[in-house]
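> The structure is given below, and queries will be raised subsequently.
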């Protein structure tokens with residue numbers, strides 16, 4: 225299912241199940257747009273990988289310094 229269809233379905237189901245219904249009714253278009261356009265899975269995965277890489281480099285540097293003494 226395409227992302228935009230999934231988001232629309234989720235919002236509709238939340239309203240039907242009375243989950244944040246008042247908020248979603250008032251802000252439905254904005255919520256859908258934000259969910260579809262502001263979340264970029266690929267970009268988030270890149271950020272996560274970079275953070276993990278940076279942590280690994282930092283740990284490796286510390287170990288190298290400790291072993292080099």
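In the working numbering, the protein residues as written are 225 to 293. All C-beta atoms in this analysis are idealised placements derived from N, C-alpha and C, irrespective of residue type, glycine included.
Just mark residue 235 as buried or exposed, buried being the case when its beta carbon has 16 or more other beta carbons within 10 Å.
Here residue 235 is taken as the residue at index 11 of the chain shown, counted from 1. Answer is buried; the Cβ neighbour count reaches 16.
> By Cβ distance below 7 Å, which residues in the same chain neighbour residue 227 in space, the five residues on each side in sequence not counted?
Here the question's residue 227 lines up with position 3 in the chain shown. Within the same chain, 260 come within 7 Å of residue 227 by CB-CB distance, once the 5 residues on both sides are set aside.
> For residue 254, which three-state DSSP category applies?
Walking along the chain shown from the start, residue 254 turns up at place 30. Correct three-state label for residue 254: helix.
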